[in-house]
Amino acid sequence: GIFYKRVSEGSASFLDKLEKLRATEIPAKKLSNLSRNLAIYLKSSIPILQAVKLAKSQTDEVKMIDFLTSIETMLDEGQSFYFALENQTTFILPMFYKQSIKIAEENGVLGEVLSEMALFLLSQDRIVKQTFKEWSKKCICDSNAFRCECGGHNEKGVILTKKPLIASKEEILANPRSRSAKLRAFR
């Protein structure tokens with residue numbers, strides 16, 4: 001017969017790595033909306049599996065349906081919500097988001113954490129954008145002023161990136177932590 005001396009986890013297969021490369025980063029607004037909706041369902045005493053099914057029935061976007069279907073399948077198999085988020089291959093989720101879900105699930109406060117995450121995700125990028133916009137203003141006069149009295153030379157710099165830069169698929173493969181990084185530049 002065959003006797004095993006040691007059983008250990010192997011490295012990810014080529015197909016697993018290829019599947020991870022296909023994944024794209026989920027926009028913060030979509031993740032925020034999904035988190036908010038799931039939080040509402042959970043706070044209404046709807047189990048997470050049913051909440052995911054409800055969220056899936058409310059979207060037409062193919063990629064979001066694929067994402068929610070994979071989550072639903074793993075939940076239906078008895079896996080945790082965190083496990084399902086960690087192992088789906090449709091979207092790249094921020095590490096802090098998944099870790100927050102893990103801790104919330106362990107402590108029975110998933111609905112509350114999802115609600116807070118929804119608010120956080122919406123406000124996070126908005127703060128940076130608003131700050132950069134404010135810093136790049138040439139005129140700092142009151143908007144009700146008849147004409148500029150400040151001279152119009154008060155900008156602190158120039159916005160270099162209109163939209164945030166995100167890591168390439170190659171960078172993500174080489175450095176998985178870069179998945180959740182966004183770069184906005186101001187000079």
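So the sequence shown is numbered by this note's numbering: it starts at 1 and just counts up by one. The beta-carbon is built from N, C-alpha and C at its ideal position, and this holds for glycine as well.
Item	Value
Is it the case that the Cβ atoms of Glu25 and Ile166 are separated by a distance below 9 Å?	yes
Can you grab the Cα-Cα spacing for the pair Cys150 / Ser178, in whole Å?	42 Å
Please determine, among Val113, Gln130, Lys138 and Lys156, the residue with the shortest C-alpha to C-alpha distance to Lys43.	Val113
Take the Cβ of Ile103 as the centre, count every other Cβ of all protein chains shown within 10 Å, and call the residue buried at 16 or more, exposed below.	exposed
By Cβ distance below 8 Å, which residues in the same chain neighbour Cys139 in space, the five residues on each side in sequence not counted?	Cys148, Cys150, Gly152 and Asn154
Answer yes or no: do Ala23 and Thr69 have a C-beta to C-beta separation smaller than 9 Å?	no
Measuring alpha carbon to alpha carbon, tell me which residue in Ala181, Phe146, Phe132 and Leu173 is nearest Leu160.	Phe132
Compute the distance between the beta-carbons of Leu31 and Leu110, then report whether it is under 9 Å.	no
Just the C-alpha distance for Ser80 and Arg184, rounded to the nearest angstrom, thanks.	35 Å
Taking the alpha-carbon of Ala181 as reference, which of Ser136, Glu170 and Pro164 has the nearest alpha-carbon?	Pro164
Around the C-beta of Ser35, are 16 or more other C-beta atoms found within 10 angstroms, so that it is buried, or is it exposed?	buried
Among the candidates Gln88, Pro47 and Asn175, whose CA atom is the shortest distance from the CA of Ile65?	Gln88
Does DSSP classify Leu183 as helix, strand or coil?	strand
When the Cα atoms are used, what is the spatial distance from Glu86 to Lys63?	17 Å
If we call anything under 9 Å between Cβ atoms a contact, is Leu122 one with Lys29?	yes
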